[in-house]
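What follows is a single structure, written as C-alpha cells, with notes after it.
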Amino acid sequence: MSALRLKNVCTGYGHINVVRNIDLGIASGQRVALVGSNGAGKSTVVRAINGLLPLREGDLEWNGASIGSLGASQRTRAGIATVPEGRLLFPECTVLENLLAAATFGDAKVHRAQTLETVFELFPRLRERARQTAGTLSGGEQQMVAIGRALMTRPRLLILDEPSIGLAPKVVAEIFDVLARLAQSGFSLLLVEQNVQLSLRSTDYAYVLREGQIVFAGESGELLDHPEVRRAYLGD
Amino acid sequence: MSLDIFLQAIVSGLANAAMYALIAVGLTLVFGVMRIINFAHGEFLMIAMYAGYFAWSLLGIDPIVAIVLVTPVLMILGTLLYSGVMRFALRVPEINQMAVTLGLSMLFQHLALVAFTGDNMLVTQARAVAGVELGPVVVQVNQLIACGISMALLATLYLVLQRTDFGLIMRAVAQSRDGAALSGIDVTGVYKWAMAVGIGTLGVAGPLLVSILYVNPHVGALFTLKAFVIVILGGLGNFTGALLGALIVGLAESIAGAWFSASVAAAVPFVILILILLTRPEGLMNRSRRA
C-alpha cells in the first residue's frame, strides 16, 4: 500500500492548469524520482503535495486518509516535509534558529534536542555554523540547512525539489550521500531533479513528467535503459 | 539656545521617543509579519486613549491600573481586525490594502466623533502637574512613568521576539511565509497573534498617553503618520530599527522645537521622511537591496 497517493491531481496558476491527471504513489520507505525537463511541471506537483498550491481536481491520500483539503503547515505536521525550490530559509535567523523553528509543534518539539543532534551528525558543518545567519552561508550550506530544517519536523516522507541546482559537484555528492543514508533509515523519498542520471541512480522508482502529464513510470534502473528516456533526457 | 534649554529638549525628546517607539513597534510588527501597513493603527491608539480616559473619569481608575484592563481589550480588537478585515486584505493588491486601512481610519474617527464629540479630554490627576527636577532639567512625573513603562515593555517584547519559540515563529513568518508553512508553523495563527500583540501594545500606550496629551477623535491620525515615518526610517518590519527611528524623530522634533518653534517641530518628522525616502528607502537598519 502506498503511503502517499495522488489521484487524478490537477492544478496550476491563474487560468492555466500546469499539471493534469497526475496519478502517483510512494510506498513507505520507497525512494521515488520525478523527472522531466524544465517547465514540465515538477515543482507544481511538489507544491500540490506539500499544500502550497491548492488542488483543482483530484485528491491526495496520506496513509489512507484524504489530506487534499489540509493547508501546508498541517501536511508538514502530518509527516510530509519539503526541501523547497529556492530553499525558503529564514535568511536573518541563525542556522540554529532555522532548525528550531521547524520543530515548534507536537512530537517534533518533544524530540527537538534529539533531532537536532541527528541533523548535526549528518551535517557537521551546520554545527560549526550554528550561530551564523542563514543568509550569509554558501549555497551548499544553505541547502544543508534546508534539508536539516525539513528533518526537524520528523517527517516520514521527505520531498526534495532540485537539491543539486547551482551547487558544486563535490557538494552535490556530499548531499546525495546524506540522502542515501536517510533512505536506509526508513524515510520515503521523493526526489525532483533535473539531473536525470543522478536521480535515477539514487531511487527505486521513477515517474517522467512531460507537459504536465506523467508519460512514463517504472523502476528507476529500467528507465535508465529506456530508449526514449535516454534520448529525451540523457542526451543519447 | 542655552545649554539648559538644550538639555531640556534632549530629555523631553527622549521621553517622547519612548512613547513613539512603543506606538511604532506595533505597526512595524504587523507590517513585518503580514506585509500590510495598517493606516488605522493610530485609531486603535485613540480608542485606547479614550478607554484610559473613561476608566479614570467614570470609574476613577488610575491610568496605570487601566493598562491592565485596556490591553486585553485592544488585543481582542487586534484579532477581530485580523478576522474581519486583514484576512481579506491579504489577498488583494497593495493599493487596495492601503485603501481598506485608510478607510477604516476615517470610519473610526467619525464613529469617535459621534460617540465622544470632538472635545479634547485629558486625565487631570494631581500627578499630571507634578514635575521632577533632574539637575537643570524638569520632567513631568507622568512622562517619566510613561517612559519607564514603555521601555520595560519594549525590552520585554524584544526578549520575547529574540528568545522564545513564540518570537521565533513570528520572525520566521516575517522572513518567509511559505518557508514557515513548510516548517509546520500555523501561519494564520501567527498573523492573529501579530495583530493581537501589535494592537495590544497600544493598550499600554493609550492610557499612558492620555495622562500627558489630550485625546480627541483625530489624535490617532497624527500618531499613525509619526509611527509611519519612524518605521520607514528604521526599515519596514525591523524592530530595533523602529527603536532607532523613534529616537531620531523624538530628539529631532524636540530640538527643533527648542531651537525654532513648535510649528517647525511638527514638520520635522516629514522632512526626515522625505530625506530617507530619497536617500535610503530601505531604512537605516534593513540591508540595502541595491547591489
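The listed protein sequences derive, respectively, from chains A and B. For what it's worth, this note's numbering labels the leading residue of the first sequence as 1, then goes sequentially. For what it's worth, this note's numbering labels the leading residue of the second sequence as 1001, then goes sequentially. Note that beta-carbon positions come from the ideal geometry of N, C-alpha and C, so glycine has one too.
Status (buried if at least 16 other CB within 10 Å, exposed otherwise) for E1094/B: exposed
Nearest residue (CA-CA) to I1067/B, options P1217/B, I1047/B, M1086/B and F1006/B: I1047/B
Beta-carbon neighbours of N63/A, restricted to chain B and to distances below 7 Å: The premise fails here: N63/A is roughly 17 Å from chain B at the closest Cβ pair, so nothing lies under 7 Å.
is_contact[S66/A, chain B] using C-beta, thresh 7 Å: no
Closest residue to E61/A among R201/A, A78/A and L53/A (Cα-Cα distance): A78/A
Cβ-based contacts, 7 Å cut-off: residues of the stretch 85-100 of chain A near chain B: L88, L89, F90, P91, E92, C93, E97 and L100
C-beta neighbour in chain B for T76/A, strict 7 Å: yes
V1123/B versus T1164/B - alpha carbon distance: 37 Å
Length of the line joining the Cα atoms of A1194/B and M1170/B: 7 Å
Of the residues G86/A, A27/A, L137/A and D23/A, the one placed nearest V43/A, counting alpha carbons only: According to the sequence shown, residue 43/A is Ser rather than Val. When only C-alpha atoms are compared, the closest one is G86/A.
Uninterrupted beta strand (DSSP E) stretches inside the stretch 6-39 of chain A (no shorter than 3 residues): 16-27 and 31-35
Chain B contact for S202/A (CB, 7 Å cutoff): no
Secondary structure of A1291/B, DSSP reduced to three states: At A1291/B, the pLDDT of 37 sits below 50, so the modelled position is not reliable and the matter cannot be decided from this model.
Member of V1271/B, G1257/B and P1207/B whose CA lies at the smallest distance from the CA of A1009/B: G1257/B
Through-space distance from T1279/B to R1290/B, alpha-carbon basis: With a pLDDT of 44 at R1290/B, under the threshold of 50, the modelled position of this residue cannot be trusted; read the value that follows with caution. Taking the straight line from one Cα to the other gives about 12 Å.
Three or more C-beta pairs below 8 Å linking the stretch 180-195 of chain A and the stretch 28-37 of chain A: yes
Contacting residues, own chain, Cβ-Cβ under 6 Å from V1231/B (five flanking each side not counted): A1024, L1027, T1028 and A1242
Complete runs of the alpha helix (DSSP H) confined to the stretch 104-132 of chain A [at least 4 residues]: 106-110, 112-122 and 124-128
Inter-residue CB distance, A48/A and T11/A (contact presumed, cutoff 8 Å): 5 Å
Contact with chain B by S73/A, beta-carbon distance below 7 Å: yes
Buried versus exposed call for D161/A [16 or more other C-beta atoms within 10 Å across all chains shown]: buried
S188/A: first and last residue of the uninterrupted beta strand (DSSP E) it sits in: S188 to E193
Other residues of its chain near T1240/B: CB distance less than 8 Å, five sequence neighbours each side excluded: Y1158, G1234 and M1285
Own chain residues within Cβ distance below 7 Å of M1034/B, not counting five before or after: M1086, L1090, Y1191 and A1194
Nearest-angstrom Cβ-Cβ length linking G1013/B and E1253/B, presumed shorter than 8 Å: 7 Å
Contacts that A952/B makes with chain A (C-beta to C-beta distance below 8 Å): This structure cannot settle anything about residue 952/B, because the visible part of chain B is limited to 1001 through 1291.
For L1003/B and L1144/B, the rounded distance between their alpha carbons: 21 Å
Whole-angstrom distance between H226/A and L198/A, CA atom to CA atom: 15 Å
Boundaries (first-last residue) of the alpha helix (DSSP H) holding Y205/A: Run containing Y205/A: none in the alpha helix (DSSP H); it sits in the beta strand (DSSP E), Y205 to R210.
Reduced DSSP category for T82/A - H, G, I as helix; E, B as strand; rest coil: strand
Own chain partners of D59/A with C-beta closer than 6 Å, once the 5 adjacent residues on each side are dropped: K7, S66 and G68
Beta carbon of T1101/B nearer than 7 Å to that of N1038/B: yes
Close beta carbons around S2/A, own chain, < 7 Å, minus the five adjacent residues each side: G25, I26 and A27
Chain A contact for A1150/B (CB, 7 Å cutoff): As written in the sequence, residue 1150/B is Ser, which differs from the Ala given in the question. Chain A, which has no Cβ nearer than 7 Å to the Cβ of S1150/B, makes this no.
First and last residue of the uninterrupted alpha helix (DSSP H) at D161/A: Where D161/A is concerned, there is no enclosing alpha helix (DSSP H), although the beta strand (DSSP E) it sits in stretches over L157 to D161.
Chain-ordered neighbours of T153/A on chain E, where CB pairs are closer than 7 Å: Of the protein chains in the structure, A and B, none is chain E.
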